[in-house]
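Participant: Residue numbers (this note's numbering), protein chains in the order written: chain A, 1 to 245; chain B, 246 to 559; chain C, 560 to 979. Ideal placement from N, C-alpha and C gives every residue a C-beta, glycine not left out. Predicted, not measured: the structure shown is a model, and the values here were computed from it.
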Amino acid sequence: MADSSSCSVARTSGGQRVRFRIPIAALMFATVLLATAVPAFAGQASTGQLFFYPCTNCHPVTMVAGPGGTEHPSRPLPNGMTGHKIVLESHDVLAAGGDIGIACLTCHDDPSRNPGKLKIAGGKLIDITGDISLVCYTCHEAKYKEFKQGTHGKHFASCVAAGCHDPHTPNYIYFAPLKPFLGTGFQMRVVGANRVPFKPIMSPPLPPPTVNPTWFLIVVGVGLFLVVVIVVWLAAPPIRERLKR
Amino acid sequence: MSQNNPLDAGRDERPDNATAPDGTTFTRRTFLQGVGLAAGVVAAGVIPAVLTAGPAAAQDATTTAAPTVAAPIGTEDPLASILAEDQPANYPGHPVYYADPAGPEKWAMVIDVKACVGCRRCVYACVEENNIGRTSGFTFIQVLEMEAGKVDLESAVLDYEEAGRPDKWYLPVQCMHCAKPPCVYGCPVIATWKEPDGIVLIDYDKCIGCRNCLITCPYGARHFNWVHPEVPAAEVNPKVPLAEKAWTAEKCTFCVQRTRHGQTTACVEACPVGARKFGDLNDPNSDVAILLRTRRVWRLKEEESTEPMIWYVG
Amino acid sequence: MTDATTTQPGIKRFIGIDWNVGALKSAGKRYWAFVGILGVLIALGLTAWYLILTEGGVTMAQRDGFTWGLWFANYMFYVGLAAGGLVVYASVHLFGAEQFRPLARLAVLMAAVLTMIAVLGDLTDLVRVWRIYWFALSPNLTAIFVYTGSAAGIYMTICFIDLWILITGKGGEKLAFIMTLIALPFAIYLHTTTAFVLALNKSRELWNTAVMVPIFLSSAIASGIALLLIVAYIMQRFHVLEFTSKMFRSLSTLLAMVIIIDLFLLVSEIAFVYWPTSAKAGHTLRFSEFLTGPYAGIFLPVLILGIIAFTLLARRKTRHIPAVQITAAALYVVAIFLKRYTLMSMGFAIGVLGQQQAPYVPSLTETLIAVGLLSIAVLFVTLAAKVLPLRVPLHDHGEVTSPELAGQPAEPALEQEAAQ
Numbered sequence: 001m002a003d004s005s006s007c008s009v010a011r012t013s014g015g016q017r018v019r020f021r022i023p024i025a026a027l028m029f030a031t032v033l034l035a036t037a038v039p040a041f042a043g044q045a046s047t048g049q050l051f052f053y054p055c056t057n058c059h060p061v062t063m064v065a066g067p068g069g070t071e072h073p074s075r076p077l078p079n080g081m082t083g084h085k086i087v088l089e090s091h092d093v094l095a096a097g098g099d100i101g102i103a104c105l106t107c108h109d110d111p112s113r114n115p116g117k118l119k120i121a122g123g124k125l126i127d128i129t130g131d132i133s134l135v136c137y138t139c140h141e142a143k144y145k146e147f148k149q150g151t152h153g154k155h156f157a158s159c160v161a162a163g164c165h166d167p168h169t170p171n172y173i174y175f176a177p178l179k180p181f182l183g184t185g186f187q188m189r190v191v192g193a194n195r196v197p198f199k200p201i202m203s204p205p206l207p208p209p210t211v212n213p214t215w216f217l218i219v220v221g222v223g224l225f226l227v228v229v230i231v232v233w234l235a236a237p238p239i240r241e242r243l244k245r
Numbered sequence: 246m247s248q249n250n251p252l253d254a255g256r257d258e259r260p261d262n263a264t265a266p267d268g269t270t271f272t273r274r275t276f277l278q279g280v281g282l283a284a285g286v287v288a289a290g291v292i293p294a295v296l297t298a299g300p301a302a303a304q305d306a307t308t309t310a311a312p313t314v315a316a317p318i319g320t321e322d323p324l325a326s327i328l329a330e331d332q333p334a335n336y337p338g339h340p341v342y343y344a345d346p347a348g349p350e351k352w353a354m355v356i357d358v359k360a361c362v363g364c365r366r367c368v369y370a371c372v373e374e375n376n377i378g379r380t381s382g383f384t385f386i387q388v389l390e391m392e393a394g395k396v397d398l399e400s401a402v403l404d405y406e407e408a409g410r411p412d413k414w415y416l417p418v419q420c421m422h423c424a425k426p427p428c429v430y431g432c433p434v435i436a437t438w439k440e441p442d443g444i445v446l447i448d449y450d451k452c453i454g455c456r457n458c459l460i461t462c463p464y465g466a467r468h469f470n471w472v473h474p475e476v477p478a479a480e481v482n483p484k485v486p487l488a489e490k491a492w493t494a495e496k497c498t499f500c501v502q503r504t505r506h507g508q509t510t511a512c513v514e515a516c517p518v519g520a521r522k523f524g525d526l527n528d529p530n531s532d533v534a535i536l537l538r539t540r541r542v543w544r545l546k547e548e549e550s551t552e553p554m555i556w557y558v559g
Numbered sequence: 560m561t562d563a564t565t566t567q568p569g570i571k572r573f574i575g576i577d578w579n580v581g582a583l584k585s586a587g588k589r590y591w592a593f594v595g596i597l598g599v600l601i602a603l604g605l606t607a608w609y610l611i612l613t614e615g616g617v618t619m620a621q622r623d624g625f626t627w628g629l630w631f632a633n634y635m636f637y638v639g640l641a642a643g644g645l646v647v648y649a650s651v652h653l654f655g656a657e658q659f660r661p662l663a664r665l666a667v668l669m670a671a672v673l674t675m676i677a678v679l680g681d682l683t684d685l686v687r688v689w690r691i692y693w694f695a696l697s698p699n700l701t702a703i704f705v706y707t708g709s710a711a712g713i714y715m716t717i718c719f720i721d722l723w724i725l726i727t728g729k730g731g732e733k734l735a736f737i738m739t740l741i742a743l744p745f746a747i748y749l750h751t752t753t754a755f756v757l758a759l760n761k762s763r764e765l766w767n768t769a770v771m772v773p774i775f776l777s778s779a780i781a782s783g784i785a786l787l788l789i790v791a792y793i794m795q796r797f798h799v800l801e802f803t804s805k806m807f808r809s810l811s812t813l814l815a816m817v818i819i820i821d822l823f824l825l826v827s828e829i830a831f832v833y834w835p836t837s838a839k840a841g842h843t844l845r846f847s848e849f850l851t852g853p854y855a856g857i858f859l860p861v862l863i864l865g866i867i868a869f870t871l872l873a874r875r876k877t878r879h880i881p882a883v884q885i886t887a888a889a890l891y892v893v894a895i896f897l898k899r900y901t902l903m904s905m906g907f908a909i910g911v912l913g914q915q916q917a918p919y920v921p922s923l924t925e926t927l928i929a930v931g932l933l934s935i936a937v938l939f940v941t942l943a944a945k946v947l948p949l950r951v952p953l954h955d956h957g958e959v960t961s962p963e964l965a966g967q968p969a970e971p972a973l974e975q976e977a978a979q
């Protein structure tokens with residue numbers, strides 16, 4: 001069913017990105033997780049922690065029976081939330097032209113309205129704290145096999161938990177770049193050149209910093225002064241003669 | 246020379262002689278002798294020079310793989326010819342002092358340029374692992390921002406500030422540990438060589454600092470310590486030389502201090518997106534062997550025929 | 560043909576040569592002032608070298624992107640000058656060009672001294688110079704550096720021995736002829752291997768061309784002849800040696816011929832880089848740095864000065880004027896120095912990964928070392944002008960090399976300098 005009362009989704013249109021509201025605490029938590037991911041996950045297996053969404057903060061994994069044989073979450077969403085907007089990139093094609101909610105239902109369980117339950121092949125439901133890669137496997141079999149082999153991504157137990165692909169915007173992995181290492185201008189490169197082929201750039205020469213100790217400069221100064229004195233002494237008589245004439 | 250008759254000036258008694266006014270005799274015989282001698286002299290000078298360039302060609306011939314025996318399609322190992330090319334070169338017969346002896350592996354690396362976002366975490370991890378001087382002005386790994394749609398180094402940018410741009414792609418370049426390394430062939434004192442497991446190493450005690458290897462490397466992978474390398478005391482890696490490297494050349498060693506103990510390289514560990522794979526070509530189940538067998542791969546500057554051991558995929 | 564002047568005062572005999580030490584004692588203040596200048600410059604060069612040995616490579620303006628600097632441009636330049644002069648001298652024996660015989664000793668002296676400072680320049684660049692012994696212990700036979708380094712050392716030795724043979728006259732004309740047969744191939748070998756140091760690098764696109772060897776040879780011969788002409792005029796001006804104007808004219812004709820060959824090779828290389836069917840972005844982008852880019856100011860003079868030098872010498876009517884000859888020779892020596900400098904820069908202007916390097920300007924240390932080495936060479940020649948018998952006596956067979964010298968005694972320069 002396409003009832004979208006519990007999660008409102010904005011469809012991307014014409015490349016515009018629609019802002020989605022996330023609780024600030026969740027955003028900060030996710031950022032901290034992201035920042036500590038690199039050393040934490042270097043070469044280690046996933047611990048089952050969720051990376052992009054600390055979903056279990058809000059979404060309960062325990063369901064309680066409700067009236068009429070339905071299930072509903074054991075505790076309500078905080079702050080009176082009725083849902084939050086999720087942006088879908090690439091996976092919005094799963095809506096196949098219909099309501100965007102259809103795309104959500106491809107992976108998220110429909111009857112219980114529990115986003116913490118995900119559908120895998122065969123209609124089985126797994127928990128959001130489990131191996132979510134199996135959800136990706138339902139469509140991306142070859143990539144999943146490569147992932148298990150180790151040639152796609154790193155050797156993690158579960159790809160979503162590793163924090164490589166956000167399942168809602170899977171094609172965009174971003175890590176803020178570290179600065180170029182040079183910094184000191186020690187080398188002689190023309191920095192930041194954007195060159196048009198066949199049109200060389202005229203750039204001011206950037207001589208690299210060299211070391212000239214003070215004693216050296218004094219010695220050189222004295223020596224050059226001596227040379228100048230001798231040259232003047234040598235050249236003076238002929239010049240004087242010329243001037244006399 | 247008879248200068249009595251002015252009309253005779255320029256002529257001599259003997260035929261076929263020409264006498265210049267200042268008295269030089271220039272006969273046809275002299276000319277032919279001179280030309281013959283000159284040709285012989287030039288040949289005597291050029292031929293040895295050409296022959297001394299011959300050993301490089303000879304080296305080329307010896308490292309080319311033996312012709313493969315015809316096998317049914319699909320049964321021959323695509324890595325066999327690559328493994329055959331990767332022979333030791335100028336190996337001194339003993340390991341370098343800062344590394345353990347080589348094992349039976351053949352090390353190679355595959356970099357997924359579709360996954361690389363240009364974040365430079367590999368660059369920094371390498372700097373910290375290998376005691377690269379913080380003021381030395383170089384890094385072993387250089388990540389280039391490339392124009393989409395072509396592999397054009399002349400329009401690559403090295404010092405980009407913004408990464409992950411969708412209209413560019415990112416190409417990390419470092420020492421390729423080539424099977425036919427121009428740096429090894431060009432070092433006049435054999436201070437650099439190719440080990441039996443494929444890693445090209447430098448003996449910092451032998452390097453005379455002539456920087457010929459920096460010139461012959463087509464990938465700009467070798468760097469020179471123009472200053473004494475300075476590393477903060479708390480960050481020094483005791484397994485890697487530091488002071489010995491002053492005024493010598495250095496480069497990526499595939500983290501020889503780690504990989505000969507069964508660890509992987511620092512850059513492979515640091516890559517947050519898993520774009521780097523390092524492994525043993527002899528092991529059919531290693532990441533690199535699987536990728537080379539199953540994916541479409543390419544190498545940088547293949548036309549230079551240096552046979553680099555770093556492939557790119559994606 | 561030894562000079563039988565052992566009984567004259569001030570002559571000391573040593574290793575078979577009569578060293579005219581007395582001429583030094585009677586040399587004037589101006590001579591010693593000039594030597595003083597050279598001495599100060601040499602001292603400054605030594606100080607700069609001391610700085611390199613203690614501070615390391617940071618004192619130089621070379622960096623990873625621009626790996627070799629002024630010392631290498633000078634190496635190519637001096638090695639070229641050395642061989643050029645020797646070609647002139649060798650043509651005496653090969654082509655029977657007797658008009659150049661008076662230049663013989665001067666040419667060989669210059670060849671020896673210039674090669675010496677070329678090798679010294681190479682050594683000053685190596686910060687860890689004491690490791691040179693590895694060349695002998697473990698030379699790499701596929702490295703062209705081994706061949707060019709050893710060639711330079713051996714060539715320098717050959718030239719010094721040749722000079723000794725010429726001055727002492729041991730072995731006569733026959734031995735001198737044999738030495739020519741050894742020295743000249745070695746000069747060409749030295750040049751070929753120096754050109755190979757550049758050309759045998761597939762990583763450096765502009766260097767990796769076979770025409771590098773002929774360009775090196777023609778530039779070397781042309782610049783060597785030009786410098787020899789200038790130094791011969793200087794020696795004549797200071798009454799150390801005397802030559803005929805016919806010899807200078809002959810030299811100028813030879814110089815003009817070699818200049819045009821040199822220019823032709825350079826122009827054909829430029830055509831090769833830019834012709835549409837052979838142009839590659841790597842080549843044209845790099846060469847454009849030199850025609851229209853930051854290096855244009857030092858590369859275009861190579862062509863312009865070369866053309867001017869040739870046109871000055873091309874006119875038969877004016878070729879005999881000394882001012883014309885000296886101007887053309889001086890212009891061409893400068894042009895070849897700029898050519899060596901830009902040739903070196905061509906390998907580095909845009910790096911192997913497409914990164915543009917800032918143009919290289921030698922640092923203070925490098926400049927002082929280069930000036931110091933040049934001063935050493937000038938000092939050698941200045942002292943030799945007084946001390947060594949550079950004047951070539953009458954030929955063995957009695958043929959007179961020039962009418963003016965026919966009636967002069969063996970060492971006329973001695974009286975002239977004693978009078979100073």
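So, is the C-beta of C:Ile596 closer than 8 Å to a C-beta in chain A?
Facilitator: Closer than 8 Å to some Cβ of chain A, the Cβ of C:Ile596 qualifies, so yes.
Participant: Quick check on C:Thr739 - is its C-beta less than 8 Å from some C-beta in chain A?
Facilitator: Not an interface residue.
Participant: Whole angstroms are fine: how far does the CA of C:Val678 sit from the CA of B:Val368?
Facilitator: Those two C-alpha atoms are separated by around 39 Å.
Participant: So is B:Tyr464 in contact with chain C if we call contact Cβ pairs under 8 Å?
Facilitator: Answer yes: the Cβ-Cβ gap between B:Tyr464 and chain C drops below 8 Å somewhere.
Participant: Rounded to whole angstroms, what is the Cα-Cα separation between C:Val790 and C:Leu668?
Facilitator: Rounded to whole angstroms, C:Val790 to C:Leu668 spans 11 Å at the Cα level.
Participant: Between which residues of its own chain and C:Ile885 is the CB-CB distance below 8 Å, once the five residues before and five after are set aside?
Facilitator: Same-chain partners within the cutoff: Leu788, Ile789, Tyr792.
Participant: Rounded C-beta distance between B:Pro426 and B:Lys413? I'm assuming under 8 Å.
Facilitator: Contact flag wrong, Cβ pair sits at about 30 Å.
Participant: Starting from B:Gln502 and walking both ways along the alpha helix (DSSP H), at which residues does that stretch end?
Facilitator: Here the alpha helix (DSSP H) through B:Gln502 covers 501-504.
Participant: Closer than 6 Å by C-beta to C:Leu757: which residues in its own chain qualify, once you throw out the five before and the five after it? Chain order, please.
Facilitator: Closer than 6 Å at the Cβ level, and outside the excluded window around C:Leu757, lie Trp766, Met771.
Participant: Can you say whether B:Leu537 is buried or exposed, counting buried as having 16 or more other CB atoms within 10 angstroms of its CB?
Facilitator: Classification of B:Leu537: buried, given that the 10 Å Cβ count is 16 or more.
Participant: Taking the beta strand (DSSP E) that C:Gly616 falls in, what are its first and last residues?
Facilitator: Where C:Gly616 is concerned, there is no enclosing beta strand (DSSP E), given that its DSSP letter is neither H nor E.
Participant: With DSSP as the reference, label A:Pro180 as helix, strand or coil.
Facilitator: If DSSP states are grouped into helix, strand and coil, A:Pro180 belongs with coil.
Participant: Pick helix, strand or coil for B:Leu526, following the three-state DSSP scheme.
Facilitator: In this structure, B:Leu526 counts as coil in the three-state DSSP scheme.
Participant: Under 6 Å Cβ to Cβ from A:Thr31, same chain only, skipping five residues before and after it: list those, please.
Facilitator: Since pLDDT at A:Thr31 reaches only 49, below the 50 mark, its modelled position is unreliable, and no value is offered.
Participant: Do you know how far the Cα of B:Gly559 is from the Cα of B:Arg541?
Facilitator: Taking the straight line joining both Cα atoms gives about 8 Å.
Participant: Who does C:Trp578 pair with in a DSSP beta bridge?
Facilitator: Note: C:Trp578 sits in a beta bridge opposite C:Lys571.
Participant: For the region 381-413 of chain B, list every residue whose C-beta sits within 8 Å of some C-beta in chain C, in sequence order.
Facilitator: For the region 381-413 of chain B, which is checked against every Cβ of chain C, the residues closer than 8 Å are Gly382, Phe383, Gln387, Leu389, Asp397, Leu398, Glu399, Ser400, Ala401, Leu403.
Participant: Going by the beta-carbon positions, is the gap between A:Thr169 and A:Val87 smaller than 8 Å?
Facilitator: It is a contact, given that the beta carbons lie within the stated cut-off.
Participant: With DSSP collapsed to three states, give me the class of B:Pro417.
Facilitator: In this structure, B:Pro417 counts as strand in the three-state DSSP scheme.
Participant: Compare the C-alpha of A:Gly223 against each of C:Val832, C:Gly931, C:Ile747, C:Gly731 and name the closest.
Facilitator: Measuring from the Cα of A:Gly223, the nearest candidate turns out to be C:Gly931.
Participant: Within 10 Å of its beta-carbon, does B:Arg366 have 16 or more other beta-carbons around it, so buried, or fewer, so exposed?
Facilitator: Answer is buried; the Cβ neighbour count reaches 16.
Participant: So with CB distances below 9 Å, who are the chain C contacts of A:Ile100?
Facilitator: The contacting residues do not exist; A:Ile100 stays about 45 Å from chain C at best.
Participant: Are the region 810-830 of chain C and the region 774-783 of chain C in contact at 8 Å, needing three or more beta carbon pairs?
Facilitator: Contact holds: three or more Cβ-Cβ distances are below 8 Å.
Participant: Hey, C:Ile928 and C:Ala607 are a contact pair by Cβ (cut 8 Å); roughly how many whole angstroms apart?
Facilitator: With 8 Å as the limit, C:Ile928 and C:Ala607 qualify as a contact, their Cβ atoms being about 5 Å apart.
Participant: Can you find a C-beta in chain B that's less than 8 Å from the C-beta of A:Phe181?
Facilitator: Cβ-Cβ to chain B under 8 Å: yes for A:Phe181.
Participant: A:Phe175 versus chain B: which residues are under 8 Å apart at the beta carbon?
Facilitator: Here the neighbours are Val362, Cys364, Arg366, Ala408, Gly409, Pro517, Val518.
Participant: Let me know if A:Glu141 comes out buried or exposed under the rule of 16 or more other beta-carbons within 10 Å of its beta-carbon.
Facilitator: Exposed: under 16 other Cβ atoms inside 10 Å.
Participant: Grab me the residues of B:Val429's own chain with a C-beta within less than 6 Å of its C-beta, minus the 5 sequence neighbours each way, in chain order.
Facilitator: So the qualifying residues of the chain are Ala334, Asn335, Thr437, Trp438, Lys439.
Participant: Please report how far the alpha carbon of C:Glu657 lies from the alpha carbon of C:Lys805, in whole angstroms.
Facilitator: Distance between the alpha carbons of C:Glu657 and C:Lys805 is about 11 Å.
Participant: Indicate whether C:Leu540 and C:Ala663 have their beta-carbon atoms separated by less than 8 Å.
Facilitator: The displayed coordinates of chain C run from 560 to 979. Any statement about residue 540 of chain C would go beyond what the structure contains.
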